[in-house]
Structures are given as structure tokens and as C-alpha cells.
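Right, one structure below, let's go through it.
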Amino acid sequence: MEIMGRGLKQILQESPCYFHIFSKFLAYRLFGKKSPLYGSADIINVCNLHCTHCYWWLNRKENEEMTLEEWKEVIDNKFKRQHVFIITLVGGEPTLRPDVVELFIKEFPKRVCLVTNGTKPLKKYNDIYFYWISIDGTQEIHDKIRGHGAYSATRKNVMDYVQKNGSKAYKDIWITMTINSLNYHTVSDVIKEWRQYSNKIGFQFHTPFAKGDPLWMPFGPERTQVIDSIISMKNKYPDYIINPTKQLELMKKNWGGHGTTPIDCPTWAILSVDHMGREKRPCCIGSAEKDSMKPICEDCGLGCYSVLVGYGFRG
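Right, dumping it as C-alpha cells:
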């Protein structure tokens with residue numbers, strides 16, 4: 000038996016963590032107390048790709064990086080102090096800082112998700128929760144967004160990882176697809192292409208930082224049709240597509256806020272820091288800089304927050 004990739008033995012070992020999570024749920028339901036459930040860290044300010052849809056490049060200003068000792072302080076003073084459960088490591092490209100990845104996995108065994116473009120060889124970590132591999136469609140579309148050769152490099156590295164690390168290695172590979180105006184028609188193709196090499200797949204929609212963003216897929220019949228097709232495919236692949244139906248239904252309309260102000264979105268539920276350990280605003284794709292560009296909340300398609308809204312959490 001597995002629940003979101005976690006076996007019974009692992010769940011029992013993590014019982015203290017579940018106590019804290021349950022306490023937070025209860026405090027929110029009974030008293031409206033808001034305390035972060037999850038964490039997100041941009042562990043590096045460098046990336047080997049320049050994807051056309053990536054929010055990170057919009058606000059990138061500095062090249063500084065923190066030392067391992069400084070990251071340990073962030074872990075202790077922010078994430079552990081507030082008893083966050085799952086930590087998602089992003090960047091930039093986080094695999095370019097393997098020392099920081101290893102530190103987080105040591106401090107949060109089986110509770111670290113590593114988001115990567117997959118163009119670099121994937122290291123086997125015994126205590127990682129899973130890799131989030133970013134796939135943006137079929138090879139032609141993926142390369143159009145991420146650059147020529149990106150798809151073949153990612154595919155090779157995933158296949159090498161699965162083939163070299165035992166029969167259960169595929170469980171470490173989860174696919175994340177951000178749906179946009181270029182790739183929405185490739186959803187079923189992505190499922191067919193990657194299902195045999197991965198454990199789960201999750202979908203979200205491109206979130207714009209400016210009105211008129213050509214990659215944003217407007218609310219309307221076409222977007223609704225894409226979402227309905229994913230809901231239909233959940234019946235065929237119930238253990239593969241992780242998005243709850245309630246979350247997918249939310250994606251058909253504005254669920255998060257007004258303009259660049261989050262309203263219903265529970266941004267408080269994810270403690271997000273940038274590459275210098277500063278807390279990001281208003282959410283994990285925001286910035287710690289006051290004069291930075293902000294995501295348009297009323298057009299948001301992020302999965303990490305909408306899934307919480309689907310379960311009754313509000314901002």
C-alpha cells in the first residue's frame with residue numbers, strides 16, 4: 000500500500016511529522032491559525048537553460064550564493080522551527096548545487112522534492128522523496144520552450160536513472176507539466192511517452208506576470224476542454240495522475256485573487272525562500288525584492304496552492 004508514494008513503514012516512521020501537520024490542520028479549522036505546511040527553497044541563482052515560460056528569469060538580479068553553513072541556518076531557523084513537512088528544492092537549476100541538495104535530504108529524509116529540468120545526469124539519493132522532472136510537451140514543443148536538445152537530454156537521463164538503479168527506481172521520478180498555449184494539445188502524448196518511466200504526473204497551468212502573455216491559456220471553452228480531458232484520463236490512470244478533480248475544476252476559472260493580490264490563495268501555507276534565504280512574496284514564484292514583478296493572481300495556474308484551495312484552505 001502506498002499513499003502519494005509513501006509506504007506504510009515510512010508513514011509510521013514519520014508519525015511525529017504527521018502529528019505537527021495534524022495539529023496545524025486542527026488549529027486552522029478551529030481557530031483560523033495559519034502556519035506553513037510546506038517549504039520551498041531556491042537553492043541556486045544559476046540555470047543552464049533559459050526557458051521562455053520561466054518566472055525565475057523575470058526577477059533574477061544577483062549572482063550571490065549562500066554557503067552550506069548559511070543554508071543550515073535557514074533550515075534550522077525557518078523550516079524546522081515551523082515544522083514544515085515537505086520541502087521542494089528549486090532554482091535556477093538545483094542539481095547544480097549538489098552539496099545543498101544533500102544537506103536538505105540529510106535534514107529532511109524522504110521529504111525532499113527536487114525540481115529539475117533533467118538535462119544533467121540524475122544522482123541516486125537513497126533518502127530523496129522524488130525528482131520533479133519538468134516536461135513541456137512532445138519533443139518539438141519542449142525544445143521550442145527550453146532549447147534545442149533539451150528533450151533528448153532529459154529523456155536519456157531519466158531512462159539511465161531508471162535502468163541503472165533497480166526495479167523501483169521509476170518511483171523516484173515524477174513528471175510535472177505546466178500547460179500553456181503552445182503545449183495544451185500534447186497532454187495525452189506526454190502521459191503516453193512518460194508513464195512507463197515515472198511514478199506520477201502532475202499538471203498545472205502557466206501563470207503570467209503581465210497581461211497579454213502569449214503563453215497564458217485564457218479561461219474559456221478551450222481551457223475547459225483540456226481540463227475535462229485530464230479529468231477523463233484520471234479514470235484511466237487513477238494512480239498516475241495526481242491532481243485531485245476538485246483542483247482541476249478550480250483551474251477553469253479565477254480561484255486565487257484579484258490583480259496581483261492573492262485573496263483566496265493560501266500563500267501562507269508554503270514558506271518560500273530565495274537563493275539568499277529571504278522570504279518571497281506573495282508566493283513561491285514571487286520575489287523577496289519589493290520592486291520585483293509579481294504574478295497575476297487572478298490568472299494563476301499554480302498546482303501547489305490550488306490543490307490546497309481544493310481541500311478547503313483559504314488565504
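Numbering (numbering that gives the first Met the number 0), first residue to last: 0 to 314.
Heads up, the beta-carbon is just placed ideally off N, CA and C, and yes, glycines get one too.
Only a predicted model underlies this, so the values are computations on that prediction, with no experimental measurement involved.
- Using a C-beta cut-off of 8 Å, the segment 154–165 makes no contact with the segment 94–112, since fewer than three inter-stretch Cβ pairs fall below that distance.
- Annotation for Met232: the continuous alpha helix (DSSP H) segment containing it runs 220–235.
- Per DSSP, Gly38 is one residue of the beta strand (DSSP E) stretching across 37–41.
- Here Pro281 is near Thr266, since their CB atoms are less than 8 Å apart.
- The way I'd put it, the segment 250–257 does touch the segment 216–233; three or more beta-carbon pairs between them come closer than 8 Å.
- Counting C-beta pairs closer than 8 Å gives fewer than three between the segment 116–129 and the segment 72–84, which falls short of the contact rule.
- Going by DSSP, Gln203 is part of the beta strand (DSSP E) stretching over 199–204.
- Comparing C-alpha distances from Asp135 to each of Tyr183, Ala268, Gly311 shows the shortest one belongs to Tyr183.
- Per DSSP, Gly276 has no beta-bridge partner at all.
- Straight-line spacing of the CA atoms in Ile132 and Lys163 works out to 18 Å.
- In this structure, Pro35 keeps its C-beta atom at 8 Å or more from the C-beta atom of Leu214.
- Looking only at Thr87, Lys71, His147, Thr137, the smallest Cα-Cα distance to Ile127 is reached by Thr87.
- The three-state secondary structure of Tyr304, taken from DSSP, is helix.
- Pairing His274 with Glu106 gives a Cβ-Cβ distance that is not under 8 Å.
- Counted as a single uninterrupted DSSP element, the beta strand (DSSP E) harbouring Cys112 occupies residues 111–115.
- Nearest C-alpha to Cys296 among Gly90, Val306, Gly285: Gly285.
- One alpha carbon belongs to Trp173, the other to Thr137, and they sit about 17 Å apart.
- Between Leu181 and Lys143 a beta carbon distance of about 7 Å is seen, short of the 8 Å cut, so the two are scored as contacting.
- Within the segment 103–153, the runs of beta strand (DSSP E) that reach at least 3 residues and sit entirely inside it are, in chain order, 111–115, 129–133.
- Taking all protein chains shown into account, Leu29 has fewer than 16 neighbouring C-beta atoms within 10 Å of its C-beta and is therefore exposed.
- Judged by their CB atoms, Gly309 and Gln246 are nearer to each other than the 8 Å cut-off.
- Looking from the CA of Val186, the closest CA among Thr206, Gly148, Ser231, Ala152 belongs to Ser231.
- Our two residues, Thr260 and Gly300, have alpha carbons roughly 14 Å apart in a direct line.
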